[in-house]
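Asks: Got a structure for you, questions after.
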Amino acid sequence: MTNDPLIIAGKSYNSRLLVGSGKYKDLEETREATEASGAEIITVAIRRTNIGQTPGEPNLLDVVPPEKYTILPNTAGCYTAEDAVRTCRMARELLDGHDLVKLEVLGDEKTLFPDIVATLEAADLLVKDGFKVMVYTNDDPIIAKRLEEIGCVAVMPLAAPIGSGLGIRNPYNILTIIENANVPILVDAGVGTASDAAIAMELGCDGILMNTAIAAAQKPVLMASAMKKAVEAGREAFLAGRMPRKRFASASSPIDGTFF
Amino acid sequence: MKITLNGEARSIDDSIKLQALIDQLGYSGKRLAVEINKEIIPKSQHADYIIKDGDNIEIVHAIGGG
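Protein chains in written order, with my numbering: chain F, 62 to 321; chain R, -11 to 54.
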């Protein structure tokens, strides 16, 4: 597909697949899988440096350079609005004023479901502080709309719990969120394999953000390539408009002209 | 003097500048962000910022994450 860009906060992207950079065995695998995915937006986490440990070791941003990719710092691990806002401010300083962030405020370690009350609070604070907020949320259409109204530049409902690979558990809610939205809707979390990504895109999602589905595959670089194709295929199928489902058969070859 | 650096107690030279500490840690030229007592110290101020006794310093960088 040409000329079907994903536009987030006024910037155009050719790829509708966004990828995380966690859980790879090393930085070289991170680099290769990121490249194979075709993704242009890459999420990173903000963490303490390891004081005293091999200061010369390569840095993530050496293999995923901000000059080549749009870096999307996340607030993973934050359970309060305060921690999330603090993390975003550190990220903005780290990235020389870059203000696109992925907000997630978690509510529970077992499910990693978002704490919606804290997510709404943090989103409001961040938008007022000038951040462009892409927000991880649950698959609730009412909350998705609230987050859009607060001023988030993209709303990112989960398909299933983070890292679960269970696929789209509630396609009708995702569909309702998409139909209501005036900002890009990206499925974030829960995709397990290429067909899950295609299904999300066929529903009309504007994009997908994934990490574990690629990084935890037996061959991450090959899965990254598969995901790239699945997202493209799903997008094209959505734009093409699928045929209606019918209960019984409809012959593809004409009956007229049969000679038997 | 004593400071807390990334959650650990440390002794460092009195009146050291922030950039000097960053250099001592081997982080010269690295992409970092620094917070002291929960206030971000912009990169432009690292060279002049004088660390005080009891400061709580956090130095962060980007790592893999989803």
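Built from N, CA and C at the ideal position, the CB exists for glycine as well.
For clarity, every value in this text was computed on a predicted model and none was experimentally measured.
Does any residue of chain R have a CB that is nearer than 8 Å to the CB of F/TYR85?
Replies: For F/TYR85, the answer is yes, since a Cβ of chain R falls inside 8 Å of its Cβ.
Asks: Any idea what DSSP makes of F/PRO134, helix, strand or coil?
Replies: Residue state, collapsed to three classes: strand.
Asks: What are the uninterrupted segments assigned as beta strand (DSSP E) that are 3 or more residues long and contained completely in the segment 179 to 227 of chain F, given in chain order?
Replies: As far as the segment 179 to 227 of chain F is concerned, its whole beta strand (DSSP E) runs of at least 3 residues are 193 to 198 and 215 to 218.
Asks: Judging by CA-CA distance, which residue of F/LEU186, F/PRO222, F/MET304 and F/LEU155 is the nearest neighbour of F/LEU164?
Replies: Among F/LEU186, F/PRO222, F/MET304 and F/LEU155, the Cα nearest to that of F/LEU164 is on F/LEU186.
Asks: Within 10 Å of its beta-carbon, does F/PRO295 have 16 or more other beta-carbons around it, so buried, or fewer, so exposed?
Replies: First, the amino acid is wrong: residue 295 of chain F is Gly here, not Pro. Buried, by the Cβ-count rule.
Asks: Over what stretch of residues does the alpha helix (DSSP H) that includes F/ASN243 continue unbroken?
Replies: Per DSSP, F/ASN243 belongs to no alpha helix (DSSP H) and is neither H nor E.
Asks: Are the segment 169 to 185 of chain F and the segment 203 to 214 of chain F touching, with three or more C-beta to C-beta distances below 8 Å?
Replies: Short answer: they touch.
Asks: Quick one: what does DSSP say F/THR104 is sitting in, helix, strand or coil?
Replies: The answer is strand: DSSP assigns F/THR104 an E or B state.
Asks: Should F/GLU293 be flagged as near chain R, meaning a C-beta pair shorter than 8 Å?
Replies: No, its Cβ sits nowhere closer than 8 Å to a Cβ of chain R.
Asks: State the Cα-Cα distance for the pair F/TYR85 and F/ARG308, rounded to the nearest angstrom.
Replies: Rounded to the nearest angstrom, the two C-alpha atoms are 45 Å apart.
Asks: Which residues of the segment 80 to 105 of chain F have a Cβ closer than 9 Å to any Cβ of chain R? Give them in chain order.
Replies: So the list reads VAL80, GLY81, SER82, GLY83, LYS84, TYR85, LEU88, THR91, THR104 and VAL105, given in the order they occur along the chain.
Asks: Where do the N-terminal and C-terminal ends of the alpha helix (DSSP H) with R/ALA(-3) fall, by residue?
Replies: Looking at the DSSP string, R/ALA(-3) is not in any alpha helix (DSSP H); the run it does join, the beta strand (DSSP E), is -4 to -1.
Asks: Can you grab the Cα-Cα spacing for the pair R/VAL55 / F/LEU155, in whole Å?
Replies: Nothing about residue 55 of chain R can be reported from this structure: the residues present for chain R run from -11 to 54 only.
Asks: Is the separation between the beta-carbon of R/LYS5 and that of R/ASP36 shorter than 8 Å?
Replies: Yes, Cβ-Cβ distance for R/LYS5 and R/ASP36 is below 8 Å.
Asks: Starting from the Cα of R/ILE28, find the closest Cα among F/CYS213, F/ASP317 and F/VAL146 and give me that residue.
Replies: Nearest C-alpha to R/ILE28: F/VAL146.
Asks: Does DSSP put F/ASN234 in a helix, a strand or coil?
Replies: Residue state, collapsed to three classes: helix.
Asks: Buried or exposed, going by whether 16 or more other CB atoms sit within 10 Å of the CB of F/MET304?
Replies: Exposed, because fewer than 16 other Cβ atoms sit within 10 Å of the Cβ of F/MET304.
Asks: Between F/GLU209 and F/ALA242, is the Cβ-Cβ spacing less than 8 Å?
Replies: Their beta carbons are under 8 Å apart, which means F/GLU209 touches F/ALA242 by this criterion.
Asks: So with Cβ pairs under 8 Å, would you call F/THR273 a contact of chain R?
Replies: Closer than 8 Å: yes.
Asks: Measure the Cβ-Cβ separation of F/ALA106 and F/GLY71 and say whether it is below 8 Å.
Replies: No, they are not a contact pair.
Asks: Could you tell me whether any non-hydrogen atom of the ligand GTP is closer than 7 Å to the CB of F/TYR85?
Replies: This structure does not include the ligand GTP; it has no bound ligands of any sort.
Asks: I want to verify the contact list: residues of chain F whose CB lies under 9 Å from the CB of R/ASN25, in sequence order.
Replies: Here the premise fails: no neighbours, minimum Cβ distance about 12 Å.
Asks: Would you call the CB atoms of F/GLY253 and F/GLY228 closer than 8 Å?
Replies: In contact: F/GLY253 and F/GLY228 (Cβ atoms closer than 8 Å).
Asks: For a contact defined as C-beta to C-beta under 8 Å, what are the partners of F/ALA137 on chain R?
Replies: Under the 8 Å cutoff, chain R gives GLY53 and GLY54.
Asks: For F/LEU88, which residues from the same chain have a beta carbon less than 8 Å from its beta carbon, with the 5 sequence-adjacent residues on both sides left out?
Replies: The answer, listed in chain order, is PRO119, LEU121, ASP123 and VAL124.
Asks: Is there a Cβ of chain R sitting closer than 8 Å to that of F/PRO281, yes or no?
Replies: So, not an interface residue.
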